[in-house]
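Residue numbers (the numbering used here): 749 to 1385.
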């Protein structure tokens, strides 16, 4: 009896060990792909994150959070239009100190959450399409730039997607927790994150209502197509909306709003931040810093490949019959395009209103390129066939792109903006036409052997791969390499110059060389307390801000705008100055149509970049003499 029990125990132990070993060995490559995608996304988003100057909107938001966690700061308090971002940045500033990295780090993590958000709908989309959608979001240039600029729009979009997931799950399971998540998520997105949250929530809700209204018409026989099971599971019925736990959801939303806006009940005046969000929403109908239809322009400028694949997905869906999910995405895009016409407060990052649903549609077209091909031609299409065609397509498109760059550079030098004055080089014209001819020949050659579908899939797959690679480069160029270039469309005509870093380092060096500890040297600046200069002086406890130049006299360090000859003689005779360009401007309204290809491909036009904010850092003569003496004693040159 004992022996028999021992044998059973050993067998059970071996079985358990084998089961554990099987679970370890059979880890899906899908999750390995997600791990690699997260690692790549984090590397790209964190690289040089603290070496890119912040724009004015970032600085205003960061200063508001910096005031909340830094005692004795001389910057005047100001209301923020994003209580949620102030709470996040207050936490990061409290842990990491006031820096560009700390100001942006939380939003980087938020962008990772947005990239992984398709996993919430994995059961609906399928494993392959979910992974492809995450990849497309990871390489999106606009999402990449928004993540590196602490944009609150990323958090708005993330909360809306989580709310949609909660609404979908509640409609399927009637779970109370899902309903609370849906209601609270929409409330946070609308009232706590940024003024653009209210339009986005209204857009999504209106899109869902339109889908359900048209679905009811279809059920009454006005349409004849047959809905798929996927569309039936995604449609949010009005019965589900009425069954939502509104009381619990509103209570949870109110608690979250109060806790975050007041810093967990430590700053009760923080509730005014919700009023600022509402005020910003209303003001957005009459005032806006960005041009009209700016989010649409940004979408077409940076996300052209996504738009093309989304259009292909819509065309394919129209031929096979639209389901509720696709119709919801189309309605979302159309309503978002209409919203940016009337709500002028939308900036470059609000292009995510359009880009996210477009990317979801594009993922459907991209996933269809990996489907099985029928064996209905001369030979069976091998598994590697489409990839060989795709590789050839990538090479052909790359050659075409190089030739296009040469033609675009030539168009820039048209004296009057017409084609008559352009002198095209024969090499450029030939190199532009040859790839097009090669693409046509490749299509018919592959189609004659493997069929039209195999040829089209291979070439489209090559375009997709090329689009992924170019999107990574476009995002890096816009948000890192050309972060100080106002002619980069996403910067909306104005950018903070890299001279900011030189000015900041100069001030820190003056403090060190002058013998002051912890940046305690007195600095008087003719500037606003929420300006670029204020961010540069954030950790100078004796920095003050003034409106009149006379109020700054006799301070050890003075920072003034570059008035030219209007500088007071007391300053020019008693101080040593160094000028810095802080902000530059570029005017796109005078760009000729012939310059658009060069602007789109290389960000080059004939329009010059001009400085709009130049300042001079003045050091009092005796302080400068002491610095020179310290340098001589220390052996510095």
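All residues carry an ideal CB built from backbone N, CA and C; glycine is no exception.
- Between the segment 1202 to 1212 and the segment 1066 to 1083 there are fewer than three C-beta pairs closer than 8 Å, too few to call the two in contact.
- In the displayed model, residue 837 falls within a helix according to three-state DSSP.
- In this structure, residue 1322 lies near residue 1368, with their beta-carbon atoms less than 8 Å apart.
- Two segments are said to touch when three or more pairs of C-beta atoms, one from each, lie closer than 8 Å; by this definition the segment 880 to 889 does not touch the segment 927 to 946.
- For residue 1327, the secondary structure class from DSSP, reduced to helix, strand or coil, is strand.
- Unbroken alpha helix (DSSP H) stretches of 4 residues or longer found wholly inside the segment 1066 to 1090: 1072 to 1090, given in chain order.
- Annotation note: the segment 841 to 915 contains no uninterrupted beta strand (DSSP E) run of length 3 or greater.
- Residue 987 and residue 1105 have their alpha carbons spaced roughly 25 Å apart.
- When the alpha-carbon of residue 1162 is set against those of 1144, 1346 and 902, the nearest one is in 1346.
- Annotation for residue 1364: the continuous beta strand (DSSP E) segment containing it runs 1358 to 1368.
- DSSP lists 1243 and 1359 as the beta-bridge partner residues of residue 1332.
- Linking residue 1134 to residue 1115 through their CA atoms gives a straight-line distance of about 13 Å.
- In this structure, residue 1363 and residue 1341 do not form a Cβ contact; the two beta carbons are roughly 37 Å apart against a cut-off of 8 Å.
- Contact between the segment 1080 to 1095 and the segment 1035 to 1049 is established, with three or more Cβ pairs separated by less than 8 Å.
- A direct Cα-Cα distance of roughly 39 Å separates residue 1139 from residue 1088.
- Pairing residue 927 with residue 997 gives a Cβ-Cβ distance under 8 Å.
- Fully enclosed beta strand (DSSP E) runs of no fewer than 3 residues are not present anywhere in the segment 1203 to 1235.
- Three or more beta-carbon pairs separated by less than 8 Å link the segment 1270 to 1289 to the segment 1298 to 1317, which places the two stretches in contact.
- Taking 8 Å as the cut-off, the Cβ atoms of residue 1146 and residue 1057 do not count as close.
- From the listed residues 923, 1277, 1355 and 1011, the smallest Cα separation to residue 1234 is found for 1355.
- The continuous stretches of beta strand (DSSP E) do not include residue 1001, which lies in the alpha helix (DSSP H) extending over residues 994 to 1009.
- Residue 1297 is positioned such that its CB atom lies no closer than 8 Å to that of residue 1291.
- Taking C-beta separations shorter than 8 Å and ignoring five residues to either side along the sequence, the partners of residue 870 in its chain run 878, following chain order.
- With at least 16 other beta carbons inside 10 angstroms of its own, residue 1280 counts as buried.
- For residue 1272, the three-state secondary structure derived from DSSP is strand.
- Checking the DSSP bridge columns, you'll see residue 1294 partnered with 1274.
- For residue 1238, no beta strand (DSSP E) encloses it, and the DSSP letter there is neither H nor E.
- Pairwise C-beta distances place the segment 889 to 906 in contact with the segment 1217 to 1230, as three or more of them are shorter than 8 Å.
- DSSP, reduced to helix, strand and coil, places residue 1194 within a helical segment of the structure shown.
- Judged by beta-carbon spacing, residue 861 lies beyond the 8 Å limit of residue 797, meaning their Cβ atoms are not closer than that value.
- By the Cβ-count criterion, residue 1350 is exposed, with fewer than 16 other Cβ atoms from all chains shown falling within 10 Å of its own Cβ.
- Distances from the CA of residue 1343 to each of 842, 1170, 1324 and 835 were compared; the closest alpha carbon is that of 1170.
- For a cut-off of 8 Å, the C-beta gap from residue 949 to residue 908 is around 6 Å, short enough to register as a contact.
- Between residue 904 and residue 848, the gap from beta carbon to beta carbon reaches 8 Å or more.
- Between the segment 827 to 843 and the segment 800 to 819 there are three or more inter-stretch CB-CB distances shorter than 8 Å, so the stretches are counted as touching.
- Its chain contains 1255, 1258, 1269, 1270, 1271, 1272, 1365, 1366, 1367, 1368 and 1371 as the residues whose beta carbon lies nearer than 8 Å to that of residue 1305, once the 5 sequence neighbours on both sides are disregarded; these appear in chain order.
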